[in-house]
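J.:
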Amino acid sequence: MRVKYVLSEVLVGLWRNVTMTIAMIITMAVSLTMLGASGLMYRQVADMKDLYYENIEVSVFLKTDVPVDQKDSLQAKLEGDPLVKEVIYVDKEEAYERFQQMYADAPDLVKAVQADVLPESFRLKLNDPEQYRTIYDQYKDDAAVDEIVDQSALLDKIFNILTAIQNIALAAAAVMAIAALLLVANTIQVAAYSKRREVAVMKLVGASNWFIQAPFVLEAVVAGLIGSLLGLLALVGAKQFLFDGSLQDLQGLLSPVTWGDILVMFPLMAGVGGLVSAVTAWVTLRFYLRV
5 MRVKYVLSEV LVGLWRNVTM TIAMIITMAV SLTMLGASGL MYRQVADMKD LYYENIEVSV
65 FLKTDVPVDQ KDSLQAKLEG DPLVKEVIYV DKEEAYERFQ QMYADAPDLV KAVQADVLPE
125 SFRLKLNDPE QYRTIYDQYK DDAAVDEIVD QSALLDKIFN ILTAIQNIAL AAAAVMAIAA
185 LLLVANTIQV AAYSKRREVA VMKLVGASNW FIQAPFVLEA VVAGLIGSLL GLLALVGAKQ
245 FLFDGSLQDL QGLLSPVTWG DILVMFPLMA GVGGLVSAVT AWVTLRFYLR V
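For what it's worth, the working numbering labels the leading residue of the sequence shown as 5, then goes sequentially.
1. Between Asp248 and Arg47, is the Cβ-Cβ spacing less than 8 angstroms?
2. For Phe126, is the classification buried or exposed, using 16 other Cβ atoms within 10 angstroms of its Cβ as the cut-off for buried?
3. Tell me, to the nearest whole angstrom, how far the beta carbon of Glu83 is from that of Val91; I am working on the premise that it is less than 8 angstroms.
4. From the DSSP secondary-structure annotation, give me the bridge partner or partners of Phe65.
5. If you follow the beta strand (DSSP E) that Val91 is part of, which residue opens it and which one closes it?
6. Only counting the same chain, and skipping five residues up and downstream in sequence, which positions put a Cβ closer than 7 angstroms to that of Val261?
7. Can you tell me where the alpha helix (DSSP H) holding Lys243 begins and where it ends?
8. Assign Pro219 to one of two classes, buried (16 or more other C-beta atoms within 10 Å of its C-beta) or exposed (fewer than that).
9. How big is the Cα-Cα spacing for Glu241 and Ser232?
10. Going by the beta-carbon positions, is the gap between Met38 and Ala184 smaller than 8 angstroms?
11. Gly40 and Leu239 look like a contact to me (Cβ under 8 angstroms); what is the Cβ gap, rounded to whole Å?
12. Please state whether the Cβ-Cβ distance between Ala282 and Val194 is less than 8 angstroms.
13. Assuming Leu234 and Ala33 are in contact, meaning their beta carbons sit under 8 angstroms apart, how far apart are those beta carbons, in whole angstroms?
14. With a 10 Å radius around its C-beta and 16 neighbouring C-beta atoms as the bar for buried, classify Val287 as buried or exposed.
15. Pull up the distance between the alpha-carbon of Val88 and that of Ala148, whole angstroms please.
16. How far does the alpha helix (DSSP H) with Asp76 in it reach, from first residue to last?
17. Between Phe65 and Pro111, how many whole angstroms is the CB-CB distance? I'm expecting something under 8 angstroms.
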């Protein structure tokens, strides 16, 4: 009987302040969508880092006409270095083939460059790509080395940009969450005020605070859960029309967003939406019931 009463009061309360309820749900949905998008971005950037760093190379370019003994000595050092996972020697002909493939869309540039002007190099795979600086310090002064180039320098700039976007999305989600909290608190206060006589009577007859607070708290929880469902639909739409639509050509650069990634975000969104709404409503009512 008590459960039936509480549930009926929840439905009545949501309908009684329907405009504020809708506003609360929409605000919660926007903030949870931003939260889910931020979570997706963190997962994608982490996957991209693992993917790119796994295939990253350090290029050790040799000086022109380097003596064979110096080149062999450098190769022996590299192959014996515990930081180096694999050493690949690239001669001028292979370097030219790579150059042709890289600049296939610029035939005039390819014609203007001859194979003998490209330097020989060693392409290194490191056990830990972040140890590039150690490799650079060890071999930069070698007699055979002309230049050492690390691909991670460019990737770090890209990941810094992506991290900044992550932080912006997270900050926007935090701002929207604050707005949602204030709206939840205001809605609960209005609902409690509209039922102040019923609440006073229930307190006089000895009803527990939990029994009085339960309908209001559940109103906020229901609004938070509905908002999380709307947020899930927004993420589904983003995948369908954005990641699998207009941004599909970037799938080679960005790690794909799967349906599993979307579904993993829903428990987070629902948990945050329901828990934050419940805590906000409970704290608001604690102050109200003390009056």
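Where is the CB? At the ideal position from N, CA and C, for every residue including glycine.
T.: Here's the rundown:
1. As a working note, residue 248 is residue 244 in the sequence shown. As a working note, residue 47 is residue 43 in the sequence shown. Judged by their CB atoms, Asp248 and Arg47 are not nearer to each other than the 8 angstroms cut-off.
2. The residue given as residue 126 occupies position 122 in the sequence shown. Looking at its Cβ environment, which holds 16 or more other Cβ atoms inside 10 Å, Phe126 is buried.
3. Along the sequence shown, read from residue 1 onward, the residue named residue 83 stands at position 79. Along the sequence shown, read from residue 1 onward, the residue named residue 91 stands at position 87. About 5 angstroms separates the Cβ atoms of Glu83 and Val91, confirming a contact at the 8 angstroms cut-off.
4. Here the question's residue 65 lines up with position 61 in the sequence shown. Per DSSP, Ser125 and Glu151.
5. The residue given as residue 91 occupies position 87 in the sequence shown. Looking at the DSSP string, the run of the beta strand (DSSP E) that includes Val91 is Val88 to Val94.
6. Against the sequence shown, residue 261 aligns to sequence position 257. Excluding sequence neighbours, Val261 sits near Leu44, Gln48, Lys243 and Phe247.
7. Position 239 of the sequence shown, counting from 1, holds the residue named residue 243. Segment: none, Lys243 is in no alpha helix (DSSP H) and carries neither H nor E.
8. Within the sequence shown, the letter at position 215 stands for residue 219. Label assigned to Pro219: buried.
9. Along the sequence shown, read from residue 1 onward, the residue named residue 241 stands at position 237. Along the sequence shown, read from residue 1 onward, the residue named residue 232 stands at position 228. It is worth fixing the name first, because residue 241 is Gly in this sequence and not Glu. Whole-angstrom Cα-Cα distance: 14 angstroms.
10. Start at 1 with the first residue of the sequence shown, and residue 38 comes out as number 34. Start at 1 with the first residue of the sequence shown, and residue 184 comes out as number 180. For Met38 and Ala184, no; Cβs fall outside 8 angstroms.
11. Along the sequence shown, read from residue 1 onward, the residue named residue 40 stands at position 36. Along the sequence shown, read from residue 1 onward, the residue named residue 239 stands at position 235. Their Cβ separation, rounded to whole angstroms, is 5 angstroms, which keeps Gly40 and Leu239 in contact under 8 angstroms.
12. What you label residue 282 is simply residue 278 of the sequence shown in a count that begins at 1. What you label residue 194 is simply residue 190 of the sequence shown in a count that begins at 1. Against a cut-off of 8 angstroms, the Cβ pair of Val194 and Ala282 comes out as no contact.
13. The residue given as residue 234 occupies position 230 in the sequence shown. The residue given as residue 33 occupies position 29 in the sequence shown. Sure, about 4 angstroms apart at Cβ, within 8 angstroms.
14. As a working note, residue 287 is residue 283 in the sequence shown. So Val287 counts as exposed.
15. One-based indexing of the sequence shown puts residue 88 at position 84. One-based indexing of the sequence shown puts residue 148 at position 144. So the two alpha carbons sit approximately 18 angstroms from each other.
16. The residue labelled residue 76 in the question sits at position 72 within the sequence shown. Asp76 -> alpha helix (DSSP H) spans Val72 to Glu83.
17. Here residue 65 refers to the residue found at position 61 when the sequence shown is read from its first residue. Here residue 111 refers to the residue found at position 107 when the sequence shown is read from its first residue. Between Pro111 and Phe65 the Cβ distance is about 25 angstroms, and since that is not below 8 angstroms, they are no contact.
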